[in-house]
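Novice:
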(Lines of atoms letter the chains of each structure in order from A and count residues from 1; the text may use other names and numbers.)
(Lines give C-alpha, C1' and ligand atoms only; values in the text may rest on other atoms or scores of the structure.)
Protein backbone atom coordinates (compact mmCIF):
# COMPACT_ATOMS: atom_id res chain seq x y z
CA UNK A 1 0.00 0.00 0.00
CA UNK A 2 1.16 3.53 -0.76
CA UNK A 3 1.39 5.91 2.17
CA UNK A 4 -1.25 8.59 2.56
CA UNK A 5 -0.46 12.22 1.89
CA UNK A 6 1.01 13.91 4.99
CA UNK A 7 3.18 16.77 6.16
CA UNK A 8 6.18 14.51 5.63
CA UNK A 9 5.08 13.87 2.06
CA UNK A 10 4.71 17.59 1.41
CA UNK A 11 8.13 18.23 2.91
CA UNK A 12 9.66 15.41 0.86
CA UNK A 13 8.29 16.81 -2.40
CA UNK A 14 9.54 20.28 -1.43
CA UNK A 15 13.10 19.17 -0.70
CA UNK A 16 13.15 17.02 -3.84
CA UNK A 17 12.24 20.16 -5.79
CA UNK A 18 15.06 22.01 -4.03
CA UNK A 19 17.43 19.20 -5.01
CA UNK A 20 16.43 19.59 -8.65
CA UNK A 21 16.78 23.37 -8.32
CA UNK A 22 20.34 23.01 -7.08
CA UNK A 23 21.54 20.27 -9.44
CA UNK A 24 20.02 21.79 -12.56
CA UNK A 25 19.50 25.51 -12.04
CA UNK A 26 22.49 26.26 -9.80
CA UNK A 27 25.10 23.68 -10.82
CA UNK A 28 24.50 22.47 -14.36
CA UNK A 29 22.56 25.17 -16.20
CA UNK A 30 24.18 28.14 -14.44
CA UNK A 31 27.25 27.51 -16.62
CA UNK A 32 25.66 29.60 -19.36
CA UNK A 33 24.58 32.27 -16.87
CA UNK A 34 28.08 32.89 -15.51
CA UNK A 35 29.89 32.18 -18.78
CA UNK A 36 30.47 35.85 -19.81
CA UNK A 37 32.21 36.60 -16.51
CA UNK A 38 34.07 33.29 -16.34
CA UNK A 39 35.24 33.68 -19.95
CA UNK A 40 36.65 37.13 -19.26
CA UNK A 41 38.54 36.00 -16.17
CA UNK A 42 39.77 32.63 -17.42
CA UNK A 43 40.13 33.44 -21.12
CA UNK A 44 37.57 30.94 -22.46
CA UNK A 45 36.70 31.14 -26.16
CA UNK A 46 33.22 30.28 -27.47
CA UNK A 47 34.57 27.05 -28.96
CA UNK A 48 36.24 26.04 -25.68
CA UNK A 49 33.07 26.85 -23.76
CA UNK A 50 31.14 24.66 -26.19
CA UNK A 51 33.52 21.77 -25.60
CA UNK A 52 33.15 22.12 -21.81
CA UNK A 53 29.37 22.28 -22.10
CA UNK A 54 29.43 19.21 -24.34
CA UNK A 55 31.64 17.35 -21.86
CA UNK A 56 29.29 18.30 -19.03
CA UNK A 57 26.39 16.89 -21.01
CA UNK A 58 28.27 13.63 -21.58
CA UNK A 59 28.96 13.45 -17.84
CA UNK A 60 25.25 13.88 -17.17
CA UNK A 61 24.48 11.06 -19.59
CA UNK A 62 26.96 8.69 -17.97
CA UNK A 63 25.46 9.32 -14.53
CA UNK A 64 21.93 8.88 -15.86
CA UNK A 65 23.03 5.68 -17.63
CA UNK A 66 24.22 4.32 -14.28
CA UNK A 67 20.81 5.20 -12.86
CA UNK A 68 19.13 3.46 -15.77
CA UNK A 69 21.15 0.30 -15.11
CA UNK A 70 19.83 0.12 -11.56
CA UNK A 71 16.21 0.29 -12.79
CA UNK A 72 15.35 2.52 -9.82
CA UNK A 73 16.42 -0.10 -7.26
CA UNK A 74 19.05 2.02 -5.47
CA UNK A 75 17.78 5.62 -5.36
CA UNK A 76 19.60 6.51 -2.14
CA UNK A 77 22.97 5.45 -3.53
CA UNK A 78 22.27 7.51 -6.64
CA UNK A 79 21.26 10.46 -4.49
CA UNK A 80 24.46 10.30 -2.43
CA UNK A 81 26.49 10.16 -5.64
CA UNK A 82 24.57 13.16 -6.91
CA UNK A 83 25.35 15.17 -3.77
CA UNK A 84 29.04 14.28 -3.99
CA UNK A 85 29.24 15.32 -7.64
CA UNK A 86 27.44 18.61 -7.00
CA UNK A 87 29.68 19.46 -4.05
CA UNK A 88 32.93 18.57 -5.82
CA UNK A 89 31.90 20.26 -9.03
CA UNK A 90 30.67 23.44 -7.39
CA UNK A 91 33.70 23.82 -5.14
CA UNK A 92 36.07 22.98 -8.00
CA UNK A 93 34.60 25.71 -10.20
CA UNK A 94 34.75 28.14 -7.29
CA UNK A 95 38.50 27.70 -6.73
CA UNK A 96 39.56 27.34 -10.38
CA UNK A 97 42.18 29.81 -11.54
CA UNK A 98 42.52 28.39 -15.05
CA UNK A 99 40.20 26.89 -17.61
CA UNK A 100 41.29 23.24 -17.24
CA UNK A 101 40.22 22.90 -13.61
CA UNK A 102 37.09 24.92 -14.22
CA UNK A 103 36.11 22.74 -17.18
CA UNK A 104 36.82 19.49 -15.34
CA UNK A 105 34.78 20.67 -12.34
CA UNK A 106 31.87 21.72 -14.55
CA UNK A 107 31.89 18.26 -16.10
CA UNK A 108 31.89 16.57 -12.68
CA UNK A 109 29.14 18.85 -11.37
CA UNK A 110 26.87 18.09 -14.30
CA UNK A 111 26.81 14.41 -13.30
CA UNK A 112 24.85 15.42 -10.19
CA UNK A 113 21.73 16.19 -12.20
CA UNK A 114 22.02 12.97 -14.20
CA UNK A 115 21.97 10.87 -11.05
CA UNK A 116 19.40 12.96 -9.20
CA UNK A 117 16.45 12.90 -11.63
CA UNK A 118 15.81 9.13 -11.76
CA UNK A 119 16.62 8.79 -8.06
CA UNK A 120 14.02 11.39 -7.13
CA UNK A 121 11.44 9.84 -9.46
CA UNK A 122 11.83 6.55 -7.55
CA UNK A 123 11.80 8.23 -4.14
CA UNK A 124 8.64 10.21 -4.87
CA UNK A 125 6.96 7.15 -6.37
CA UNK A 126 7.61 4.91 -3.37
CA UNK A 127 6.46 7.51 -0.83
CA UNK A 128 3.21 8.74 -2.44
CA UNK A 129 0.11 7.14 -3.90
CA UNK A 130 0.13 6.79 -7.70
CA UNK A 131 -2.34 9.67 -8.19
CA UNK A 132 -0.44 12.06 -5.95
CA UNK A 133 2.93 10.90 -7.21
CA UNK A 134 2.06 11.96 -10.76
CA UNK A 135 1.31 15.50 -9.64
CA UNK A 136 4.31 15.53 -7.32
CA UNK A 137 6.67 14.60 -10.18
CA UNK A 138 5.60 17.78 -11.97
CA UNK A 139 6.26 19.85 -8.84
CA UNK A 140 9.71 18.32 -8.40
CA UNK A 141 10.55 18.78 -12.06
CA UNK A 142 9.60 22.48 -11.81
CA UNK A 143 12.49 22.86 -9.40
CA UNK A 144 14.66 23.55 -12.45
CA UNK A 145 12.90 26.87 -12.93
CA UNK A 146 13.26 27.76 -9.26
CA UNK A 147 16.98 27.02 -9.53
CA UNK A 148 17.38 29.17 -12.65
CA UNK A 149 15.65 32.09 -10.92
CA UNK A 150 17.78 31.57 -7.81
CA UNK A 151 20.94 31.52 -9.91
CA UNK A 152 19.95 34.81 -11.55
CA UNK A 153 19.24 36.33 -8.12
CA UNK A 154 22.64 35.19 -6.86
CA UNK A 155 24.28 36.66 -9.94
CA UNK A 156 22.55 40.01 -9.39
CA UNK A 157 23.78 40.04 -5.80
CA UNK A 158 27.29 38.68 -6.31
CA UNK A 159 28.64 39.34 -9.82
CA UNK A 160 31.40 39.76 -10.75
CA UNK A 161 32.13 37.42 -7.79
CA UNK A 162 30.85 34.28 -9.51
CA UNK A 163 32.98 32.04 -7.29
CA UNK A 164 30.87 32.60 -4.16
CA UNK A 165 27.77 31.51 -6.08
CA UNK A 166 29.33 28.12 -6.78
CA UNK A 167 30.32 27.69 -3.10
CA UNK A 168 26.77 28.43 -1.96
CA UNK A 169 25.40 26.02 -4.55
CA UNK A 170 27.67 23.21 -3.35
CA UNK A 171 26.60 23.78 0.25
CA UNK A 172 22.92 23.81 -0.62
CA UNK A 173 23.29 20.55 -2.55
CA UNK A 174 24.62 18.84 0.59
CA UNK A 175 21.80 20.20 2.77
CA UNK A 176 19.05 19.31 0.29
CA UNK A 177 20.38 15.80 -0.30
CA UNK A 178 20.56 15.12 3.43
CA UNK A 179 16.97 16.33 3.87
CA UNK A 180 15.69 14.00 1.14
CA UNK A 181 17.37 11.01 2.78
CA UNK A 182 15.91 11.89 6.19
CA UNK A 183 12.37 12.26 4.83
CA UNK A 184 12.45 9.20 2.56
CA UNK A 185 10.58 6.23 4.05
CA UNK A 186 11.20 3.18 1.85
CA UNK A 187 8.52 0.52 1.75
CA UNK A 188 9.00 -2.43 4.08
CA UNK A 189 10.53 -5.52 2.55
CA UNK A 190 7.18 -7.17 1.96
CA UNK A 191 6.05 -4.23 -0.17
CA UNK A 192 9.11 -3.96 -2.35
CA UNK A 193 8.64 -4.99 -5.96
CA UNK A 194 11.63 -4.93 -8.22
CA UNK A 195 10.84 -3.30 -11.54
CA UNK A 196 10.72 -5.64 -14.53
CA UNK A 197 13.72 -5.70 -16.82
CA UNK A 198 13.48 -3.55 -19.93
CA UNK A 199 13.15 -5.75 -23.00
CA UNK A 200 13.33 -5.24 -26.76
CA UNK A 201 9.67 -4.21 -26.99
CA UNK A 202 10.18 -1.58 -24.29
CA UNK A 203 13.19 -0.09 -26.07
CA UNK A 204 11.35 -0.06 -29.40
CA UNK A 205 8.43 1.65 -27.70
CA UNK A 206 10.82 4.46 -26.74
CA UNK A 207 12.36 4.93 -30.20
CA UNK A 208 10.19 7.93 -31.10
CA UNK A 209 10.52 9.79 -27.76
CA UNK A 210 14.28 9.12 -27.78
CA UNK A 211 14.61 10.64 -31.26
CA UNK A 212 12.49 13.62 -30.25
CA UNK A 213 14.50 14.17 -27.06
CA UNK A 214 17.80 14.03 -28.94
CA UNK A 215 16.63 16.69 -31.38
CA UNK A 216 15.21 19.04 -28.75
CA UNK A 217 18.31 18.64 -26.60
CA UNK A 218 20.51 19.71 -29.52
CA UNK A 219 18.23 22.68 -30.20
CA UNK A 220 18.10 23.86 -26.57
CA UNK A 221 21.88 23.94 -26.12
CA UNK A 222 22.21 27.28 -27.92
CA UNK A 223 20.11 29.26 -25.42
CA UNK A 224 21.20 27.39 -22.31
CA UNK A 225 24.91 27.81 -23.00
CA UNK A 226 25.21 30.97 -25.09
CA UNK A 227 21.97 32.89 -24.51
CA UNK A 228 23.27 35.34 -21.94
CA UNK A 229 26.60 35.79 -23.72
CA UNK A 230 24.70 36.65 -26.90
CA UNK A 231 22.53 39.17 -25.08
CA UNK A 232 25.63 40.81 -23.63
CA UNK A 233 27.36 40.89 -27.01
CA UNK A 234 24.27 42.55 -28.51
CA UNK A 235 24.55 45.42 -26.06
CA UNK A 236 22.11 44.38 -23.35
CA UNK A 237 23.21 45.67 -19.94
CA UNK A 238 24.49 42.95 -17.60
CA UNK A 239 21.66 43.52 -15.11
CA UNK A 240 19.07 43.26 -17.89
CA UNK A 241 20.55 40.04 -19.23
CA UNK A 242 20.33 38.63 -15.70
CA UNK A 243 16.68 39.68 -15.52
CA UNK A 244 16.10 37.87 -18.83
CA UNK A 245 17.75 34.77 -17.36
CA UNK A 246 15.45 35.03 -14.34
CA UNK A 247 12.53 35.24 -16.78
CA UNK A 248 13.76 31.97 -18.28
CA UNK A 249 13.43 30.42 -14.84
CA UNK A 250 10.04 32.05 -14.32
CA UNK A 251 8.84 30.45 -17.53
CA UNK A 252 9.99 27.10 -16.17
CA UNK A 253 8.03 27.69 -12.96
CA UNK A 254 4.93 28.61 -14.96
CA UNK A 255 5.20 25.12 -16.44
CA UNK A 256 4.11 23.93 -12.99
CA UNK A 257 0.94 26.05 -13.21
CA UNK A 258 0.15 24.67 -16.65
CA UNK A 259 1.09 21.10 -15.72
CA UNK A 260 -2.52 20.06 -15.05
CA UNK A 261 -3.97 21.10 -18.44
CA UNK A 262 -0.86 19.84 -20.24
CA UNK A 263 -1.11 16.47 -18.46
CA UNK A 264 -4.68 16.12 -19.75
CA UNK A 265 -3.26 16.03 -23.28
CA UNK A 266 -1.69 12.99 -24.89
CA UNK A 267 2.08 13.04 -24.17
CA UNK A 268 2.83 13.37 -27.90
CA UNK A 269 0.61 16.43 -28.19
CA UNK A 270 2.06 18.01 -25.05
CA UNK A 271 5.54 17.38 -26.40
CA UNK A 272 4.81 19.03 -29.76
CA UNK A 273 3.39 22.12 -28.06
CA UNK A 274 6.41 22.38 -25.75
CA UNK A 275 8.94 21.90 -28.56
CA UNK A 276 7.15 24.57 -30.60
CA UNK A 277 7.53 26.98 -27.69
CA UNK A 278 11.27 26.22 -27.53
CA UNK A 279 11.57 26.95 -31.26
CA UNK A 280 9.66 30.24 -31.05
CA UNK A 281 11.52 31.33 -27.92
CA UNK A 282 14.89 30.61 -29.54
CA UNK A 283 13.98 32.50 -32.73
CA UNK A 284 12.58 35.42 -30.74
CA UNK A 285 15.73 35.69 -28.63
CA UNK A 286 17.79 35.78 -31.81
CA UNK A 287 15.90 38.84 -33.07
CA UNK A 288 15.35 40.59 -29.72
CA UNK A 289 18.68 39.94 -27.98
CA UNK A 290 19.43 43.66 -27.58
CA UNK A 291 15.98 44.54 -26.23
CA UNK A 292 15.40 44.05 -22.50
CA UNK A 293 11.65 43.36 -22.57
CA UNK A 294 11.86 41.27 -25.74
CA UNK A 295 14.73 39.16 -24.41
CA UNK A 296 12.88 38.51 -21.16
CA UNK A 297 9.73 37.44 -23.02
CA UNK A 298 11.70 35.15 -25.35
CA UNK A 299 13.56 33.56 -22.44
CA UNK A 300 10.32 33.03 -20.50
CA UNK A 301 8.75 31.23 -23.46
CA UNK A 302 11.86 29.11 -23.95
CA UNK A 303 11.96 28.22 -20.24
CA UNK A 304 8.31 27.19 -20.24
CA UNK A 305 8.73 25.09 -23.36
CA UNK A 306 11.85 23.32 -22.14
CA UNK A 307 10.39 22.42 -18.74
CA UNK A 308 7.05 21.41 -20.23
CA UNK A 309 8.94 19.14 -22.61
CA UNK A 310 10.66 17.34 -19.74
CA UNK A 311 7.27 16.87 -18.05
CA UNK A 312 5.98 15.43 -21.32
CA UNK A 313 8.90 12.98 -21.45
CA UNK A 314 8.08 11.69 -17.96
CA UNK A 315 4.41 11.32 -18.92
CA UNK A 316 5.38 9.64 -22.20
CA UNK A 317 7.52 6.92 -20.64
CA UNK A 318 4.97 6.40 -17.86
CA UNK A 319 2.27 5.84 -20.48
CA UNK A 320 4.47 3.25 -22.18
CA UNK A 321 5.13 1.27 -18.97
CA UNK A 322 4.57 2.87 -15.57
CA UNK A 323 6.49 0.07 -13.82
CA UNK A 324 9.66 1.30 -15.52
CA UNK A 325 8.98 5.02 -15.17
CA UNK A 326 12.30 5.65 -13.42
CA UNK A 327 14.30 3.77 -16.04
CA UNK A 328 12.34 5.44 -18.82
CA UNK A 329 12.95 8.86 -17.31
CA UNK A 330 16.67 8.13 -17.19
CA UNK A 331 16.68 6.92 -20.79
CA UNK A 332 14.82 9.93 -22.17
CA UNK A 333 16.79 12.44 -20.12
CA UNK A 334 19.98 10.79 -21.35
CA UNK A 335 18.75 11.33 -24.90
CA UNK A 336 17.81 14.95 -24.16
CA UNK A 337 21.21 15.79 -22.71
CA UNK A 338 23.13 13.71 -25.26
CA UNK A 339 21.51 16.00 -27.79
CA UNK A 340 22.73 18.95 -25.75
CA UNK A 341 26.27 17.56 -25.80
CA UNK A 342 26.31 17.56 -29.58
CA UNK A 343 24.38 20.82 -29.77
CA UNK A 344 26.67 22.68 -27.38
CA UNK A 345 29.84 21.68 -29.21
CA UNK A 346 28.32 22.46 -32.61
CA UNK A 347 26.87 25.78 -31.44
CA UNK A 348 30.22 26.91 -30.05
CA UNK A 349 31.88 26.12 -33.36
CA UNK A 350 29.17 27.92 -35.37
CA UNK A 351 29.33 30.98 -33.13
CA UNK A 352 33.10 31.17 -33.63
CA UNK A 353 32.86 30.88 -37.43
CA UNK A 354 29.42 32.23 -38.41
CA UNK A 355 28.08 34.18 -35.47
CA UNK A 356 25.05 33.93 -33.20
CA UNK A 357 22.35 34.46 -35.84
CA UNK A 358 23.28 31.37 -37.84
CA UNK A 359 23.64 29.32 -34.64
CA UNK A 360 20.20 30.26 -33.30
CA UNK A 361 18.46 29.89 -36.66
CA UNK A 362 19.79 26.33 -36.78
CA UNK A 363 18.69 25.71 -33.18
CA UNK A 364 15.15 26.97 -33.82
CA UNK A 365 14.84 24.81 -36.93
CA UNK A 366 15.97 21.70 -35.06
CA UNK A 367 13.42 22.42 -32.30
CA UNK A 368 10.68 22.49 -34.93
CA UNK A 369 11.86 19.13 -36.23
CA UNK A 370 11.75 17.77 -32.67
CA UNK A 371 8.15 18.90 -32.41
CA UNK A 372 6.99 16.94 -35.46
CA UNK A 373 8.88 13.72 -34.73
CA UNK A 374 6.00 12.40 -32.53
CA UNK A 375 3.76 12.36 -35.61
CA UNK A 376 5.54 9.11 -36.42
CA UNK A 377 4.10 6.06 -34.68
CA UNK A 378 6.01 3.21 -33.01
CA UNK A 379 3.90 0.85 -35.14
CA UNK A 380 5.78 2.17 -38.17
CA UNK A 381 8.94 0.70 -36.65
CA UNK A 382 7.62 -2.83 -36.59
CA UNK A 383 5.42 -3.24 -33.51
CA UNK A 384 2.61 -1.63 -31.61
CA UNK A 385 3.32 -1.42 -27.86
CA UNK A 386 0.56 -1.77 -25.34
CA UNK A 387 0.41 0.55 -22.29
CA UNK A 388 0.87 -1.23 -18.99
CA UNK A 389 -1.31 -0.41 -16.01
CA UNK A 390 0.37 1.26 -13.07
CA UNK A 391 -1.73 -0.75 -10.64
CA UNK A 392 0.77 -3.26 -9.31
CA UNK A 393 -1.26 -4.42 -6.35
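In our numbering, the protein residues as written are 1 to 393. Here a beta-carbon is modelled for each residue, glycine too, at the ideal position from N, C-alpha and C.
#1: As a quick exercise: from 94, 256, 255, 223, pick the residue whose alpha carbon is nearest that of residue 244.
#2: Going by the CB atoms, is the gap between residue 124 and residue 137 shorter than 8 Å?
#3: Would you mind sorting residue 267 into buried or exposed? The rule is 16 or more other CB atoms within 10 Å of its CB.
#4: Of all the CB atoms in chain C, is at least one closer than 8 Å to the CB of residue 291?
#5: Is the segment 39-59 touching the segment 234-249, taking contact as three or more C-beta pairs under 8 Å?
#6: Measuring straight from C-alpha to C-alpha, what distance separates residue 12 and residue 180?
#7: With a 10 Å radius around its C-beta and 16 neighbouring C-beta atoms as the bar for buried, classify residue 394 as buried or exposed.
#8: Measure the C-alpha to C-alpha separation of residue 42 and residue 50 and round it to an integer number of angstroms.
#9: Check whether the Cβ atoms of residue 350 and residue 359 sit closer than 8 Å, and answer yes or no.
#10: I'd like to know whether the C-beta atoms of residue 140 and residue 332 end up nearer to each other than 8 Å.
#11: From 166, 375, 279, pick the residue whose C-alpha is nearest to that of residue 89; which is it?
#12: I'd like to check one pair, residue 111 with residue 60: are the Cβ atoms closer than 8 Å?
#13: Which value, in whole angstroms, describes the spacing of the CA atoms of residue 114 and residue 85?
#14: Consult DSSP for residue 326 and reduce its assignment to one of helix, strand or coil.
#15: Closest to residue 154 by CA distance: which of 303, 309, 27, 307 is it?
#16: Only counting the same chain, and skipping five residues up and downstream in sequence, which positions put a Cβ closer than 8 Å to that of residue 62?
#17: Pairing CB atoms from the segment 274-293 with CB atoms from the segment 320-340, are three or more of them under 8 Å?
#18: Going by alpha carbons, who is nearest to residue 304 out of 261, 319, 250, 260?
#19: Go through its chain and collect everything with a Cβ distance to residue 174's Cβ below 7 Å, but skip five positions before and after it.
Specialist: In this structure, then:
#1: Position 244 of the chain shown, counted from the start, is the residue given in the question as residue 244. Considering only alpha carbons, the answer is 223.
#2: Stepping through the chain shown from its first residue, residue 137 is reached at position 137. Stepping through the chain shown from its first residue, residue 124 is reached at position 124. It is a contact, given that the beta carbons lie within the stated cut-off.
#3: As a first step, residue 267 must be located in the chain shown, where it is residue number 267. Taking every protein chain shown into account, the CB of residue 267 has 16 or more other CB atoms within 10 angstroms, so this residue is buried.
#4: Here there is only one protein chain, and chain C is not present.
#5: no
#6: Position 12 of the chain shown holds residue 12. Position 180 of the chain shown holds residue 180. In a straight line, the C-alpha of residue 12 is about 6 Å away from that of residue 180.
#7: Look at the range of the chain in this structure, 1 to 393, and you will see that residue 394 is not part of it.
#8: Translated into the one-based positions of the chain shown, residue 42 becomes position 42. Translated into the one-based positions of the chain shown, residue 50 becomes position 50. Their backbone Cα atoms lie some 15 Å apart in a straight line.
#9: As a working mapping, residue 350 is identified with position 350 in the chain shown. As a working mapping, residue 359 is identified with position 359 in the chain shown. It is a contact, given that the beta carbons lie within the stated cut-off.
#10: By one-based count along the chain shown, residue 140 stands at place 140. By one-based count along the chain shown, residue 332 stands at place 332. No, the pair does not count as a contact, with Cβ atoms beyond the cut-off.
#11: Residue mapping note: residue 89 aligns to position 89 of the chain shown, counting from 1. That would be 166, whose Cα lies nearest to the Cα of residue 89.
#12: Position 60 of the chain shown, counting from 1, holds the residue named residue 60. Position 111 of the chain shown, counting from 1, holds the residue named residue 111. Contact: yes.
#13: In the chain shown, counting from the first residue as 1, residue 114 sits at position 114. In the chain shown, counting from the first residue as 1, residue 85 sits at position 85. Rounded to the nearest angstrom, the two C-alpha atoms are 10 Å apart.
#14: Within the chain shown, the letter at position 326 stands for residue 326. In the structure shown, residue 326 sits in a helix (DSSP, three-state: H, G or I).
#15: If you number the chain shown from 1, residue 154 lands on position 154. With distances taken between Cα atoms, residue 154 lies closest to 27.
#16: For the purposes of this step, residue 62 is identified with residue 62 of the chain shown, where counting begins at 1. Excluding sequence neighbours, residue 62 sits near 111, 114.
#17: no
#18: The count along the chain shown starts at 1 and reaches residue 304 at position 304. The shortest C-alpha separation from residue 304 is found at 250.
#19: Indexing the chain shown from 1 puts residue 174 at position 174. Within the same chain, 83, 87 come within 7 Å of residue 174 by CB-CB distance, once the 5 residues on both sides are set aside.
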